[in-house]
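Student:
In full-length UniProt numbering, the protein residues as written are 1 to 326.
Below is the structure:
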């Protein structure tokens, strides 16, 4: 798994194993243990004492006659008990929502809410930039630091906290809004281009994954992990060199490789890595739904997708800026 957010999430819902080593499914219990009757019974009927001729004792506690038939019940049937049985058998089966399990609808709704908060924060950050550029610089710096801290907390917490996920989205939105306004001032129209490009990459990747044309695999996961870690280290080094004044990263990005600006090459690589991360994010959501992850896990899925898409948007924004310079 390339995205550490959803990779950590998989450990939270990882199923146990049967004595034979196979993965368990929701509701599994070891053979021989008493199982809870979904209709209110106390114990597994197979674990109850048996009567004559190997017949089970009446689970309702009534005395039994020959062949295990309850005494006093015509034809061995109690009308009130049969009514309860029929009502239980005719009741609709419990679905994933009734059992408190995550569904695709949960992930879609929680992801929509998370991105809605990001958009609201981005509008506020944009407005701050239009009022005062200096205030926007301070705001974006503080918001970036806070968002990073919240991202680490959401990644490594054992229990997903929706409030922290939305707090991350709010601060991330503030930083994105100020950064986007700065790019838009220098390159008019670049923000809408970056937004559309990000949505296109997301939509195409999701469509191909849903159709089965592309899928996750152990080899792809290892490759993406190595590429992602290497790219993050590269970005951190460039930031340190930029702040130290040792290297002008903008000038380096305009250097050409076979006639193509180096910044464009790096940007394309970043978008490809982000696409591979999306494939594995989608696969992790699919696995979570199939294994019956708790409904609360939908917030963590939404958070993981937000982290990937925000990073991809920033890389596309940077890539377009190099193309506009060219």
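Even glycine gets a Cβ: it sits at the ideal position worked out from N, Cα and C. Keep in mind that this is a model prediction, so the values were computed, not measured.
Could you compute how far the alpha carbon of residue 234 sits from the alpha carbon of residue 319?
Tutor: 16 Å
Student: Could you check whether residue 107 and residue 415 sit closer than 8 Å to each other, using their CB atoms as the reference points?
Tutor: Outside the shown range of the chain, which is 1 to 326, sits residue 415, and nothing can be said about it.
Student: Output the distance between the C-alpha atoms of residue 228 and residue 270, rounded to the nearest integer angstrom.
Tutor: 8 Å
Student: CA-CA distance, residue 288 and residue 168?
Tutor: 23 Å
Student: Below 8 Å, how does it come out for the region 217-227 and the region 159-173: are there three or more Cβ pairs, yes or no?
Tutor: no
Student: If residue 116 sits next to residue 295, beta carbons under 8 Å apart, how far is it from one beta carbon to the other, in whole angstroms?
Tutor: Under the criterion of beta carbons closer than 8 Å, residue 116 and residue 295 do not qualify as touching, at roughly 20 Å.
Student: Pull up the distance between the alpha-carbon of residue 188 and that of residue 292, whole angstroms please.
Tutor: 46 Å
Student: When you compare each of 132, 323, 309 and 145 to residue 199 by their alpha carbons, which one comes out closest?
Tutor: 309
Student: Can you find the residues in the same chain that come closer than 8 Å, C-beta to C-beta, to residue 315, ignoring five residues on each side of it along the sequence?
Tutor: 267, 270, 271 and 274
Student: To which residues does DSSP link residue 260 through a beta bridge?
Tutor: 257
Student: What's the call for residue 118, buried or exposed, on a 16-neighbour Cβ count within 10 Å?
Tutor: buried
Student: Would DSSP call residue 311 helix, strand or coil?
Tutor: Residue 311: helix per DSSP, three-state reduction.
Student: Taking just the CA atoms, how far does residue 150 sit from residue 180?
Tutor: The straight-line gap from Cα to Cα measures roughly 21 Å.
Student: With 16 as the cutoff for other CB atoms within 10 Å, does residue 207 come out buried or exposed?
Tutor: exposed
Student: Return helix, strand or coil for residue 184, following the three-state DSSP convention.
Tutor: Residue 184 sits in a helix when the DSSP states are folded into three classes.
Student: For residue 215, which three-state DSSP category applies?
Tutor: coil
Student: Give me the Cβ distance between residue 322 and residue 261, rounded to the nearest whole Å; I'm assuming they're in contact under 8 Å.
Tutor: About 5 Å separates the two Cβ atoms, so the contact holds.
Student: Decide if residue 243 is buried, meaning its Cβ has at least 16 other Cβ atoms within 10 Å, or exposed.
Tutor: exposed
Student: Provide the residue(s) that pair with residue 324 in DSSP beta bridges, ordered along the chain.
Tutor: DSSP output for residue 324 lists no bridge partner at all.
Student: Short check: CB of residue 183 to CB of residue 317, under 8 Å?
Tutor: Yes, Cβ-Cβ distance for residue 183 and residue 317 is below 8 Å.
Student: Which stretch, first to last residue, makes up the alpha helix (DSSP H) that contains residue 112?
Tutor: 104-131
Student: Between residue 125 and residue 175, how many whole angstroms is the CB-CB distance? I'm expecting something under 8 Å.
Tutor: With 8 Å as the limit, residue 125 and residue 175 qualify as a contact, their Cβ atoms being about 7 Å apart.
Student: Name, in chain order, the residues that DSSP records as bridge partners for residue 294.
Tutor: 101
Student: For residue 38, which three-state DSSP category applies?
Tutor: Only weak support exists for where residue 38 lies, its pLDDT of 48 falling under 50; the value from the coordinates is given anyway. If DSSP states are grouped into helix, strand and coil, residue 38 belongs with coil.
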